[in-house]
Every structure is written in structure tokens, then in C-alpha cells.
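S.K.: The following block contains the structure, expressed as C-alpha cells.
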Amino acid sequence: MTPYDHAVDAASTTDAADLTRFTDLLWDRTAGLRARIGDLEFLTRLGDGTLPITSFRTYIEQDGLYLEGYAKALALLSSRAVDPEAGAFWATSAATAATVEKSLHTSLLADVALGGPSEKPVEHSQACLGYVSFLTATAATDTYAVGAAAALPCFWIYAEVGRGLAASARAVLDAEPDHPYARWVTTYDAEDFQTSAARARELVDAAAEVAGPAERQRMSDAFVVAMRYELLFWDTALNTVPWPASGSDA
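Take 800 as the starting number for the sequence shown in our numbering and just add one per residue.
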């Protein structure tokens, strides 16, 4: 059993006709992608503490770049939300991504266990650049509802994976409380993050209620694309995919 298996939502085993929330349908539609995420070597080895330090550092570096772009996408969502409470949620989430979570990543990268500070600039991976470009473009050029659906997987899948990793990694953390992976795991298993993920899901459901069929289809498609990027983002932290060399690099 992988760290993710026990956290799979009941929607994945429910017939579509029985699903009562729009987000249940989104979750059900991405069952195959979520199963592949659950099988990722990156997450399995993160959970049992055997992930190479270099791979974790690569992930943290890329996630720091991702959070900068994600914060911009969430800020765009906030500005386009008609409901003030929804706008406040996305704005707060943008601030959290840009400050609290980014600060954690900066702190982790300064840890000697991960190699300590580096002066070498970090370039977006293909998966990272593709993901943040998609989120920002969707939030800026499509409707609020579609942008919210695109932003949801980052909340939802991290909440589920964080819960799963916290359970599977408990033995590792009990033996070594200062393990460099512990601080990352506890961030996404924390009650505040779990609550935020649930709230993001509620807002997408609310947006779907007033959307027409065509818009709901675009919401569903955007959710799928974002979930694909979640899979690629984690996988390429361990199985890196270099950019083609430029003329000066060749």
C-alpha cells in the first residue's frame, strides 16, 4: 500500500450518478491520475524516508518557484470573485503561498541537511513553468469559475497526500524528529491547510451551481489539466527532464 492509498476519497468508488457535489465529479473523473500519483516513487520514498536528498532539494526549489506563480494566480482569482468572502479567501491563500509557505521553503533550502544555501540561480523545470503558466493564464483569461477549478487540485491533492504521508512517515519521524522531510509533511497535514482545502472545494462547488453546461465542462477540463501537472511536478523532481540546450550551452 502506498502512502496515498488510504486517503483516496470515497467518490472514487461511487457511481457518477450518486455523486451530489460538482467536485465529487471532478474527483471521480481524475481517479486514474490520482492512482498514478499514489504510485509515484517520489511520494513512496518521501514517506519512508529513503528519497535522495538531492531529489527533495530539487522538489523544494521548484515548489518555491511554483508558489510564486500560484500566488499570482490566486490573487487574480481574488480580484475576479463576485462574492466578497470568496475574494477574501483567495487573497488570504495568495498571501499564505507567497509568505508562509515560501518562507518554509527558503528555510528548508538553508538547512545544511539539504546542502545549505546556494548562490546558483534556479531555473523553472518544464513541469513547473507549464503549470504556473497554465494557472495564471486560466485565472486571467477564462471565467472566475474555471480559474477556481484549475486552482483546486493544488489544495485538494496536497491535503490528501499530506495526510497520507503523515501516517506512513510517522515511524521515520518518531525515530528522527528533525528529519528534513518532516517540516514539509506537517505543513500539508496541518488542520489549517486541511480546512483551506475544504473551503476551496466549497467555492468551486458554489461557482459550478451558477455556471452553465459549457462553463462547467471547462471547469472539469481545467481541473484535469491541473491534476496532470500535479503528477508531472512530483514525478520530475525524482526523474528530472532537462531543458534542450541553448546555443551557448551546447
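Note that CB positions come from ideal geometry on N, CA and C, so glycine has one too. Note that the structure is predicted; figures quoted are calculated from it, not measured.
Pull up the distance between the alpha-carbon of T935 and that of S854, whole angstroms please.
M.R.: Distance between the alpha carbons of T935 and S854: 26 angstroms.
S.K.: Does T819 come out as helix, strand or coil in the three-state DSSP assignment?
M.R.: T819 falls in the coil class under three-state DSSP.
S.K.: Hey, how far is the Cα of I956 from the Cα of Y1028?
M.R.: Roughly 11 angstroms separates the two Cα atoms.
S.K.: Any idea what DSSP makes of P883, helix, strand or coil?
M.R.: Residue state, collapsed to three classes: helix.
S.K.: Could you say which of V984, D1004, D988 and R998 lies nearest to L825 if we only look at CA atoms?
M.R.: Minimum Cα distance to L825 is reached at D1004.
S.K.: Once DSSP output is grouped into helix, strand and coil, what is the label at W955?
M.R.: It is helical.
S.K.: According to DSSP, is T891 part of a helix, a strand, or is it coil?
M.R.: In the structure shown, T891 sits in a helix (DSSP, three-state: H, G or I).
S.K.: Could you compute how far the alpha carbon of F1032 sits from the alpha carbon of V1009?
M.R.: C-alpha separation (whole angstroms): 32 angstroms.
S.K.: Helix, strand or coil for S924? Go by DSSP, reduced to three states.
M.R.: Here S924 sits in coil by DSSP.
S.K.: Quick one: using the 10 Å Cβ neighbour count with 16 as the cut-off for buried, is L1002 buried or exposed?
M.R.: Label assigned to L1002: buried.
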